[in-house]
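Numbers in our numbering are just positions in the sequence shown, counted from 1, shifted up by 12.
For reference, the structure is listed below as structure tokens.
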Amino acid sequence: MTIAIYHCSIKIISRGKGKSAVAAAAYRSGEKLTNDYDGTTHDFTRKGGVVYTEILLPDNAPREYADRSMLWNAVEAVEKSKDAQLSREIEIALPNELSETECISLAKEFAQQTFVDKGMCADVCIHNPNREQKNIHAHIMLTMRPFNEDGTWGDKQKKEYLLDKNGNKIYDKRKRTYKCRTVQTTDWNSREKAEEWRTEWENFINSALAEKGIIEKVDHRSFERQGKIEKPTVHMGVAATQMERKGIRTVKGDTNREIKSINAKISALLKRIDVLDNELAKMKEIPKEDSLVEMLMRFHDNGIKFNEVRGVSVSNLKKIAKFKDLTYLIAFVQGHKIGTLSELAEKNSETKSELKNHKSKLIGTQKRIKELTELLDNYPRYKENKAAYLEWQSITNPKKKEKFYDKHYGEIALFKTAKTFYDNKLSRTKITPKAWQRELDELKKSAEVERAKVEKLGDDVAVMETLIYNVQRLTNYEENDKEIQRRRSAELE
């Protein structure tokens, strides 16, 4: 069974990080493009899985930019800085419930309405690398400069002079110039805009699913922001998914199973606690300060009499589920100093709070376990392919460099993928796999402790359920007995 997931990542392709807009466009489209800025040719015509590509242009963009090479070389040319931001990339997972054709239409409509209609060029590339794996997704590369009305590139930002209360420019004597500030010409780089785009994609997916009659919805917010107690599962990845489907257990698979298991446990316990709250609220006729121990003993005694009448011997009572835990139940209420139903209700509320607290700790721990698992998972690709990448980087002869790349493009691509991952996750922090592994081992031990506490709370919930069940049965038995006595008295009269 396949279900829709939400994935919408936003990245910047920057020359300062050794990236090229032309190279990125070539890879995502599976084409051969030459970057006029540095003379490098990027050939990805052997790349599989590209099922659709198209460039969408706003009204005031030159029509020749519909050509991929012309568009991104124009971007490379207009950006002069050595650390210039060249393109913004939006990567989205397309819903498995839609056909490939429907996914393409959905991605194009999202790109057109969200970006192109606002003045950006959008290079849309749809990848479906393995159609059996249901991993169809889209890469949308966007231009970062607005267009002027005449079709020329506009400015990303402009200088604005600071004015005094009389409207005059303020002179800075120390710097010997007028004070000014930099003002963005668009809001495309703002955090608010990124949140708006992510919300837009959520709306597009849910609208498409609704048209197919699917009521389940995706949410762009994290579980924490949604107010959910559950932890998000770890992204499996292609290799792990294939191994799991073949019956081979993986670290990521085990982590996901652990997450799903504890999520299910917590959800079930919270529902059971809510049921207990409701049952306790219904017990209006029972004096709230009556002794629980006395009620349990009365229930047990009445049960013995009731079953002896029907031929059940006292020695067989241990086989009757509702009586066999009497000693344990009394030990529980005495051990937790629960004397009355009111105190039992307090214990139920405390259990709920403890459960949520332990779960919160588990969420934080599991979040870090997820991060460390992904960091360690990428390290083999980084370590094993680094030498080939560095050798390729050291070659100065263009022809030799291209020949080496053609021979080792797989190793280079794997290293660059791992390096990009670390650059995004770690910034300038060092890569320390041994320290990550030590931290991961400690966190797993901590998670086991928290899980054991959750299990213990689950045992407490089961005991409280039995307590309430017994009190309810006692009340029913005694009310029925009183009714019988009243009828007999009436008959005698």
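Built from N, CA and C at the ideal position, the CB exists for glycine as well.
Here the structure is a predicted model, which is why all the values come from computation and not from measurement.
(request) Would you kindly check if the distance between the Cβ of Tyr394 and the Cβ of Tyr530 is under 8 Å? (result) Because the chain is modelled from 13 through 505, residue 530 falls outside the range shown and cannot be assessed.
(request) Would you please state the rounded distance, in angstroms, between the beta carbons of Ala38 and His54? I believe it to be under 8 Å. (result) Yes, they are in contact, since the Cβ atoms of Ala38 and His54 sit about 4 Å apart, within 8 Å.
(message) In the DSSP assignment, the alpha helix (DSSP H) including Ser26 goes from what residue to what residue?
(response) Where Ser26 is concerned, there is no enclosing alpha helix (DSSP H), although the beta strand (DSSP E) it sits in stretches over Cys20 to Ser26.
(request) Could you say if the segment 387-405 and the segment 435-446 meet the contact criterion of at least three C-beta pairs nearer than 8 Å? (result) yes
(request) Could you check the C-alpha separation between Leu486 and Arg463 for me, to the nearest Å? (result) 35 Å
(request) Please name the residue or residues paired with Val87 in a DSSP beta bridge. (result) For Val87, which the question treats as bridged, DSSP gives no partner whatsoever.
(message) What does the alpha-carbon distance come out to for the pair Val63 and Ile138?
(response) 6 Å
(request) Enumerate in chain order the residues of its own chain whose CB-to-CB distance from Lys171 is below 6 Å, with the five nearest sequence positions on each side excluded. (result) Cys192
(message) Please tell me whether Arg27 and Lys120 are closer than 8 Å, where the distance is taken between their beta carbons.
(response) no
(message) Taking its Cβ as the centre, do 16 or more other Cβ atoms sit within 10 Å of Glu76, making it buried, or is it exposed?
(response) exposed
(request) Please determine, among His151, Asp135 and Ala134, the residue with the shortest C-alpha to C-alpha distance to Pro10. (result) One cannot answer for residue 10 here, as it falls past the ends of the chain, which runs 13 to 505.
(request) Could you tell me the distance, in whole angstroms, from the CA atom of Lys419 to the CA atom of Phe427? (result) 15 Å
(request) Taking Ala33 as part of the alpha helix (DSSP H), name the residues at either end of that continuous run. (result) Ala33 to Ser41
(message) If you follow the beta strand (DSSP E) that His139 is in, where does it begin and where does it stop?
(response) Ala134 to His139
(request) Provide the residue(s) that pair with Val195 in DSSP beta bridges, ordered along the chain. (result) Lys170
(message) Taking DSSP's pairing of strands, which residues face Thr189 in a bridge?
(response) Asp184
(request) Inspect the beta-carbon positions of Arg284 and Val475 and report whether they are closer than 8 Å. (result) no
(request) Count the other CB atoms, across all protein chains shown, that sit within 10 Å of the CB of Tyr401; report buried if there are 16 or more and exposed otherwise. (result) buried
(message) For the alpha helix (DSSP H) containing Val63, name the first residue and the last one.
(response) From DSSP, Val63 is part of no alpha helix (DSSP H) but of the beta strand (DSSP E) over Val62 to Leu68.
(message) In the DSSP output, what is His149 paired with across the bridge?
(response) Ala105 and His139
(request) Could you tell me which residues DSSP puts in a beta bridge with His54? (result) Leu45
(request) Can you tell me which of Thr113, Met156 and Ser406 puts its alpha carbon nearest to the alpha carbon of Ala73? (result) Met156
(request) Give the DSSP bridge partners of Leu154, in chain order. (result) Arg100 and Ala134
(request) Sort out for me which residues DSSP pairs Leu175 with in a bridge. (result) Lys181
(request) Identify, in the order they occur along the chain, each residue of the same chain with its Cβ nearer than 6 Å to the Cβ of His370, setting aside the five sequence neighbours on each side. (result) Glu462, Lys465 and Val466
(request) Report the residue ranges of all alpha helix (DSSP H) runs contained in full by the segment 410-461; include only those spanning at least 4 residues, in chain order. (result) 410-438
(request) Could you pull out every residue in the same chain whose Cβ sits closer than 6 Å to the Cβ of Lys29, ignoring the five residues on either side in sequence? (result) none
(request) Below 8 Å CB to CB, which residues in the same chain sit around Tyr417 once its five sequence neighbours on both sides are set aside? (result) Trp404 and Ile424
(request) Have a look at Ser365 and Leu221 and give me their C-alpha separation to the nearest angstrom. (result) If you take the alpha carbons of Ser365 and Leu221, they lie about 37 Å apart.
(request) Kindly indicate the opening and closing residues of the alpha helix (DSSP H) around Ala78. (result) Premise fails: Ala78 is in no alpha helix (DSSP H) and is neither H nor E.
(request) Out of Lys224, Glu451 and Leu353, point me to the one whose CA is closest to Leu110's CA. (result) Lys224
(request) Could you say if the segment 153-167 and the segment 85-103 meet the contact criterion of at least three C-beta pairs nearer than 8 Å? (result) yes
(request) Specify the secondary structure class of Phe311 as computed by DSSP and reduced to three states. (result) helix
(request) Taking only the alpha-carbon atoms, compute the straight-line gap between Gly166 and Ile182 and give it to the nearest angstrom. (result) 27 Å
(message) Between which residues of its own chain and Ile350 is the CB-CB distance below 7 Å, once the five residues before and five after are set aside?
(response) Leu304, Leu356 and Lys359
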